[in-house]
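A.B. asks: Below is the structure I would like to discuss, written out as C-alpha cells.
In our numbering, the protein residues as written are -10 to 327.
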C-alpha cells in the first residue's frame, strides 16, 4: 500500500475542494477501495473521508411521492427501511441478495454505485489490464473469462459491473445527484455507468472533481409484480453470473409497463427499453417473454469460458418475468430458484 495524505471534510463543499486534488479518492465504507489499495490496484495520493458529512445519511420523502437516499445511507439501512420495503421491494430484495450482512452494514449507497469490477486480471497488478493501465491489453479476452461480459464489450475490455443494487436502480430509473465545483447536477442512472469502448479505465460519467450526494427514486409503481433473480456459483457471498431485475405494472391481466435490467452481463446494468415495450398491452406468457429475451440479448457474444451466459441469461429472463407476473418474487432467504 502506498503512502497517502488524508482529509476529513466537514461539508460537501469542502469535500468537493479536497477531491479536486490530484490522484484523490473518496473514502466512505471502504469495502471496495481499501481492498483495491491492499492489492496495489488503487494508489491514491490523497484520501477524502466523507463519512462525517452532514445530511447524507438520511432517507427523505420527495414532493413527487418518491424517496431521496443520501449517499452515505448503508445498504442495510436502505434494504430494511419500511418505506423502501413497502414502495420499492425490488430494491430491498436486490440489496439483500448481495454480499454479506457485515458488508452491507458498512457499504454505502454512493460507494455501491462506484464499486469496480471483480475481473481477475484487474485485481492482479502483475498482469496487463486496460482498466488499470490503458493500452496494456485485455488478457481476459483470450484467457479465463467465466465471469465476464457478453453485452456491450469492446476490444479493450470485457469486464462486468459487480453491483446488485445498481441493477434494481436501473430498473426503477433512479437519478443520481452529484456535487462539483460548478454546483449540483442530476445524472439518470442509465447515463451514469459507461460501457468500456476505447476508455475502459472510466467506469462512470462522474467527474474527477465530483462526489455523489444522493440518489432519487421516482414515485413507486412496481411494488407488487417484481423479482430479483440472481444466478451465481454459490448461494451466498458471490457476485452474479447473470441477474435479472424484473418489474411489471399490471392492468388486470395485461402488462401496462415493464422494466427489465440485467446484471453480470455488461460493464453497466443492461436495459433495452425497446424490448420492454414488447410487453406493453400483452398477456404475460412464456412466448412473449421469449421474444423479449431475444431482443435484450441481441448481439450477445461469448468469449469461450463465458459463452454459457447467453443461454443462461435467456432462461433467467424467462424465469424472472414469470415470477414477476405471478407476484411471487424470488426469496433472498431461501435462495433456491422458485
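Even glycine gets a Cβ: it sits at the ideal position worked out from N, Cα and C.
1. For residue 360 and residue 19, what's the separation of their Cα atoms in angstroms?
2. Reducing DSSP to helix, strand and coil, say where residue 81 ends up.
3. Suppose you measure from the CA of residue 306 to the CA of residue 36; what does that come to, to the nearest Å?
4. List the DSSP bridge partners of residue -6.
5. Within this structure, are the beta carbons of residue 84 and residue 154 separated by less than 8 Å?
6. What does the alpha-carbon distance come out to for the pair residue 178 and residue 186?
7. Keeping to the same chain, check which residues put their C-beta closer than 6 Å to that of residue 65; ignore five residues upstream and five downstream.
8. Sorted by chain position, which residues of the same chain lie with C-beta nearer than 7 Å to residue -7's C-beta, five sequence neighbours on each side aside?
9. Report, in whole angstroms, the separation of the C-beta atoms of residue 309 and residue 218, which I expect to be a contact under 8 Å.
10. May I have the straight-line CA-CA distance separating residue 329 from residue 245, to the nearest angstrom?
11. Can you find the residues in the same chain that come closer than 8 Å, C-beta to C-beta, to residue 161, ignoring five residues on each side of it along the sequence?
12. Going by the DSSP bridge assignment, what does residue 219 pair with across the sheet?
13. What residue from 183, 121, 175 has the CA that sits closest to residue 28's CA?
14. How would you write the range of the alpha helix (DSSP H) that residue 71 sits in, first residue to last?
15. Can you check DSSP and say which residues form a bridge with residue 173?
16. At which residues does the beta strand (DSSP E) containing residue 203 begin and terminate?
17. Quick one, are the C-beta atoms of residue 170 and residue 9 less than 8 Å apart?
18. Can you give the Cα-Cα distance for residue 147 and residue 192, rounded to whole angstroms?
19. Assuming residue 136 and residue 295 form a contact by the criterion Cβ under 8 Å, report the distance between their Cβ atoms to the nearest whole angstrom.
20. Decide if residue 110 is buried, meaning its Cβ has at least 16 other Cβ atoms within 10 Å, or exposed.
21. Of all the options 88, 142, 63, 242, which has the alpha carbon lying nearest to the alpha carbon of residue 97?
22. Would residue 203 and residue 220 qualify as a contact pair, given that the criterion is a beta-carbon distance under 8 Å?
23. Identify the residues that DSSP records as bridge partners of residue 246: which are they?
24. Enumerate in chain order the residues of its own chain whose CB-to-CB distance from residue 256 is below 8 Å, with the five nearest sequence positions on each side excluded.
25. If we call anything under 8 Å between Cβ atoms a contact, is residue 129 one with residue 30?
26. For residue 15, report the span of its alpha helix (DSSP H) as first-last.
27. Using the Cα positions of residue 15 and residue 279, report the straight-line distance between them to the nearest angstrom.
28. What is the C-beta distance between residue 13 and residue 7, in whole angstroms, given that I count them as a contact (C-beta under 8 Å)?
C.D. replies: Straight from the coordinates:
1. The shown model of the chain, from -10 to 327, leaves out residue 360, and the question about it has no answer.
2. Start at 1 with the first residue of the chain shown, and residue 81 comes out as number 92. Here residue 81 sits in helix by DSSP.
3. Taking the first residue of the chain shown as 1, we reach residue 306 at position 317. Taking the first residue of the chain shown as 1, we reach residue 36 at position 47. Going from the Cα of residue 306 to the Cα of residue 36 covers about 41 Å.
4. Walking along the chain shown from the start, residue -6 turns up at place 5. Partner(s): 35.
5. Reading the chain shown from its first residue, position 95 is the one you call residue 84. Reading the chain shown from its first residue, position 165 is the one you call residue 154. The answer is yes: Cβ separation under 8 Å.
6. Translated into the one-based positions of the chain shown, residue 178 becomes position 189. Translated into the one-based positions of the chain shown, residue 186 becomes position 197. Cα to Cα, residue 178 sits roughly 18 Å from residue 186.
7. Numbered from its first residue, the chain shown carries residue 65 at position 76. Once the five neighbours on either side are set aside, the close Cβ partners of residue 65 are 93, 94.
8. Numbered from 1 along the chain shown, position 4 holds the residue referred to as residue -7. So the list reads 33, 34, 35, 36, once near-sequence residues are dropped.
9. Translated into positions along the chain shown, residue 309 becomes position 320. Translated into positions along the chain shown, residue 218 becomes position 229. Sure, about 4 Å apart at Cβ, within 8 Å.
10. Look at the range of the chain in this structure, -10 to 327, and you will see that residue 329 is not part of it.
11. Within the chain shown, numbered from 1, the residue matching residue 161 stands at position 172. Here the set comprises 77, 79, 80, 206, 207, 211, 236, 248.
12. Taking the first residue of the chain shown as 1, we reach residue 219 at position 230. Residue 219 is bridged to 232.
13. If you number the chain shown from 1, residue 28 lands on position 39. Residue 121 is the option with its Cα nearest to residue 28.
14. In the chain shown, counting from the first residue as 1, residue 71 sits at position 82. 71 to 76 is the span of the alpha helix (DSSP H), which, as asked, contains residue 71.
15. Along the chain shown, read from residue 1 onward, the residue named residue 173 stands at position 184. DSSP lists 168 as partners of residue 173.
16. Along the chain shown, one-based indexing puts residue 203 at 214. Looking at the DSSP string, the run of the beta strand (DSSP E) that includes residue 203 is 200 to 206.
17. Mapped onto the chain shown, residue 170 falls at position 181. Mapped onto the chain shown, residue 9 falls at position 20. Result yes, Cβ atoms of residue 170 and residue 9 sit closer than 8 Å.
18. Numbered from its first residue, the chain shown carries residue 147 at position 158. Numbered from its first residue, the chain shown carries residue 192 at position 203. Taking the straight line from one Cα to the other gives about 12 Å.
19. Within the chain shown, the letter at position 147 stands for residue 136. Within the chain shown, the letter at position 306 stands for residue 295. So it is a contact: roughly 7 Å between Cβ atoms.
20. Sequence index remark: in the chain shown, residue 110 carries index 121 (1-based). It is buried - the Cβ of residue 110 has at least 16 other Cβ atoms within 10 Å.
21. Along the chain shown, read from residue 1 onward, the residue named residue 97 stands at position 108. If we check each option's Cα against that of residue 97, 63 comes out closest.
22. Indexing the chain shown from 1 puts residue 203 at position 214. Indexing the chain shown from 1 puts residue 220 at position 231. Not a contact, by the Cβ cut-off of 8 Å.
23. If you number the chain shown from 1, residue 246 lands on position 257. Per DSSP, 238.
24. Your numbering for residue 256 matches position 267 in the chain shown. The residues are 106, 138, 141, 142, 146, 148, 149, 150, 182, 183, 184, 185, 189, 192.
25. To locate residue 129, count along the chain shown from 1; it is residue 140. To locate residue 30, count along the chain shown from 1; it is residue 41. No; because the gap between Cβ atoms is not below 8 Å, this pair is not in contact.
26. Within the chain shown, the letter at position 26 stands for residue 15. Taken as a continuous stretch (DSSP letters only), residue 15 belongs to no alpha helix (DSSP H), being part of the beta strand (DSSP E) at 13 to 16.
27. Here residue 15 corresponds to residue number 26 of the chain shown, with the count starting at 1. Here residue 279 corresponds to residue number 290 of the chain shown, with the count starting at 1. One C-alpha to the other measures close to 43 Å.
28. Taking the chain shown and counting its residues from 1, the one referred to as residue 13 is at position 24. Taking the chain shown and counting its residues from 1, the one referred to as residue 7 is at position 18. Correct: roughly 7 Å between the Cβ atoms.
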